[in-house]
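Number of protein chains: 2
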Amino acid sequence: MKFNLWFTEYHNENISLSMRVKEVLYLEKSKYQEIAIIETYDFGRVLILDNTFQTTERDEFIYHELISHIPLFTHPNPKDVLVIGGGDGGTVREVVKHKKVERVDFVELDEKVIEACRKYLPNLSCEMDNEKVNIIIADGIKYVAETDKKYDVIIVDCPDPVGPAKGLFEKEFYKNVYKCLKDDGLMVQQSESPLYDLKLIENICKYLKESGFKIIMPYSYPMPSYPSGFWSFTLASKKYNPLDVDENKIREALKEIKTKYYDEEVHKAIFLSTPKYLKELVRNITKSL
Amino acid sequence: MKFNLWFTEYHNENISLSMRVKEVLYLEKSKYQEIAIIETYDFGRVLILDNTFQTTERDEFIYHELISHIPLFTHPNPKDVLVIGGGDGGTVREVVKHKKVERVDFVELDEKVIEACRKYLPNLSCEMDNEKVNIIIADGIKYVAETDKKYDVIIVDCPDPVGPAKGLFEKEFYKNVYKCLKDDGLMVQQSESPLYDLKLIENICKYLKESGFKIIMPYSYPMPSYPSGFWSFTLASKKYNPLDVDENKIREALKEIKTKYYDEEVHKAIFLSTPKYLKELVRNITKSL
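These protein sequence lines map, in sequence, to chains A and R. Residues in the first sequence are numbered from 1 upward in steps of one, following full-length UniProt numbering. Residues in the second sequence are numbered from 1 upward in steps of one, following full-length UniProt numbering.
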């Protein structure tokens, strides 16, 4: 008989997802949030921040492949990459798979998240010591406001827009991201559920447009451990359009990059298969999809 | 304060999804199953069979548009359509939107499901009285074994492979579906979660191949109220490939068919954006993707 220990995330006051728990591996309060890592029966190890699922061993490949390879294969020469958030290390792990990437500045607010994931989620944090990776413990919002560095690609692997992460969804932040990108740079941000958070996605796209980005394109995909199981990223670019990539070049590069979800067909099709209602909403703002 | 009434679906013994309930509208045992219709706060009205979510007012458009418009726009002239299962009526509602469709034989096992949905889910069951629709209360497995009719398109809107629906996932059934299709016919079947049910999808594809289908292609999409929020259909065709359609023709036809999820871009991209691991599994069996 399995012990009846469950963790429940209340997505809001009306809906919840529960996973049966084998063991609570880590539970600690940092300066910013309550951090938990649990071992579940169905989703392997799971990182939880303030009672919200962040990443699970079972489905993290979907999220981390799509937040990384879409922008890095859209940019023809992504040498300098900035990753904001994602203390579990999954995004950085995918980013360093790209030979063209020379340096990854990885800005994470909460050192304790990195520590916990280094210990309990080695499948995600395995590239934290990669020589390309420069870990910076700082607030990403302040970092982009203050740095003089210019990047080819900026990946915003942010949590939900509550508490300290709220500013990662405001106009000021996108203006600073624009400033921190080279003239042909591009960015991708985690942009919540296309079922629950349509107004937020609309605002993100508006702010990105007002910040100067020429091409703004959300893309959606299934994400089992997140609210509604239906999630999105939004790509904003100064020059390169993800639909213009050469699929043969991606196919060639993927011979040396192991992926489970992403391939050269997914690269373009994920934008085109995004639901009509979401494409229409964004087209009304940007005319770029 | 909201009354703390919840319905919980246990996807398996280790994971569950719960929705807060405003009211239980209908709860009755038929010959085949326990039927419930509840009013929820987040997903509107919800049909539940044997404690399993079947359809919700909030996300049913994803499922019903994709199970219907993909096959009906793949076939150039879908005059005669057979729908097996889907007593809520959502699939039939989408099918009759196609002008070319002249007749829909709609085979449902459980008359009580149709009755309940006619009363409590009018947004789904609204085309039950359409003159093109011929309701047949029968077991779909027996129906395809015994009928001499030939169809252009067969849509299998089946529940999970348990109880009386088990036979809808067996080789014998696919052989009979093949027999009931004209020489250029095609079928689509609900084929469970690409996260949880990979072995089942593999078997479906094997059986479809052994039944004689030339083109076998699964496609996946987010489905918030189903286990893992990540779901699939599998298309099997004697002649027409969904990737060969003329997008302009679909765009033109959609001027008179209102959709929220499906559009001419989604039609092809949904196959191409299906995860690499699923495409590879099927390619190993069929070589057709």
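Don't be surprised by glycine CBs; every beta carbon is placed ideally from N, CA and C.
Alanine 269 of chain A has a beta carbon lying within less than 9 angstroms of a beta carbon in chain R. Across the structure, valine 101 of chain A and phenylalanine 61 of chain A are spaced so that their CA atoms are roughly 20 angstroms apart. Here alanine 36 of chain A carries a strand assignment [DSSP, helix/strand/coil]. Relative to the Cα of leucine 27 of chain R, the nearest Cα in the group R:Val46, R:Lys239, R:Ile135 and R:Phe173 belongs to R:Val46. In terms of Cβ geometry, proline 242 of chain A and proline 218 of chain A do not form a close pair [threshold 9 angstroms]. Look at isoleucine 201 of chain A here: in three-state DSSP terms it is helix. Secondary structure remark: continuous alpha helix (DSSP H) runs of at least 4 residues inside the region 17–84 of chain A, in chain order: 60–74.
Under the three-state reduction of DSSP output, alanine 138 of chain A falls in the coil class, being neither helix nor strand. Look at asparagine 51 of chain R: its C-beta is not under 9 angstroms from any C-beta on chain A. For the region 194–216 of chain R, the residues whose beta carbon sits under 7 angstroms from a beta carbon of chain A are, in order, Leu195. In this structure, the CA atom of threonine 55 of chain R is about 22 angstroms from the CA atom of valine 81 of chain R. Between the alpha carbons of isoleucine 84 of chain A and phenylalanine 106 of chain A lies a distance of about 6 angstroms.
DSSP places isoleucine 250 of chain R in the uninterrupted alpha helix (DSSP H) bounded by 247–253. In the three-state DSSP reduction, glycine 229 of chain A falls in the helix class (H, G or I). Take lysine 29 of chain R, set aside five residues on each side of it, and the residues of its chain with a beta-carbon closer than 8 angstroms to its own are Ile35, in chain order. The bridge partners DSSP lists for proline 218 of chain A are A:Thr234. With a cutoff of 9 angstroms on beta-carbon distance, leucine 235 of chain A and isoleucine 216 of chain A are scored as near each other. Cα atoms of serine 237 of chain R and lysine 182 of chain R: separation of roughly 10 angstroms, rounded to the nearest angstrom. At least 9 angstroms separates the beta-carbon of valine 153 of chain A from that of leucine 124 of chain A.
Glycine 90 of chain R and arginine 20 of chain A have their C-alpha atoms some 33 angstroms from each other.
Leucine 17 of chain R reaches chain A at Leu17, counting residues in chain order whose Cβ is nearer than 7 angstroms.
The beta carbons of isoleucine 204 of chain R and phenylalanine 230 of chain R sit no closer together than 9 angstroms. When Cβ-Cβ separations below 9 angstroms define contact, arginine 58 of chain A makes contact with chain R. Within chain R, the residues Pro224 and Gly229 have their CB atoms less than 7 angstroms from the CB of serine 228 of chain A, given in chain order. Any Cβ of chain A closer than 9 angstroms to the Cβ of tyrosine 63 of chain R would place that residue at the interface, and such an atom is absent. Scanning chain R for C-beta atoms nearer than 8 angstroms to the C-beta of aspartate 42 of chain A yields Asn12, Asn14 and Ile15, reported in chain order. Residues of the region 250–265 of chain A that bring their beta carbon within less than 8 angstroms of a beta carbon in chain R comprise Thr259, Lys260, Tyr261, Tyr262, Asp263 and Glu265, in sequence order. Residues of chain A whose Cβ lies closer than 8 angstroms to the Cβ of arginine 20 of chain R are, in chain order, Glu13, Asn14 and Ile15.
Threonine 74 of chain A counts as buried, since at least 16 other C-beta atoms from the protein chains shown sit within 10 angstroms of its C-beta. Not one beta carbon of chain A lies nearer than 9 angstroms to the beta carbon of leucine 47 of chain R. Ranked by how close their Cα comes to the Cα of lysine 276 of chain A, the residues R:Ile270, R:Lys279 and R:Ser232 have R:Ile270 in first place. For the C-beta of serine 220 of chain R, the chain A residues within less than 9 angstroms are, from N- to C-terminus, Pro222. Inter-residue distance for serine 191 of chain A and glutamate 202 of chain A is about 10 angstroms (C-alpha atoms, whole angstroms). In the three-state reduction of the DSSP assignment, glutamate 9 of chain R falls in the strand class, which pools E and B.
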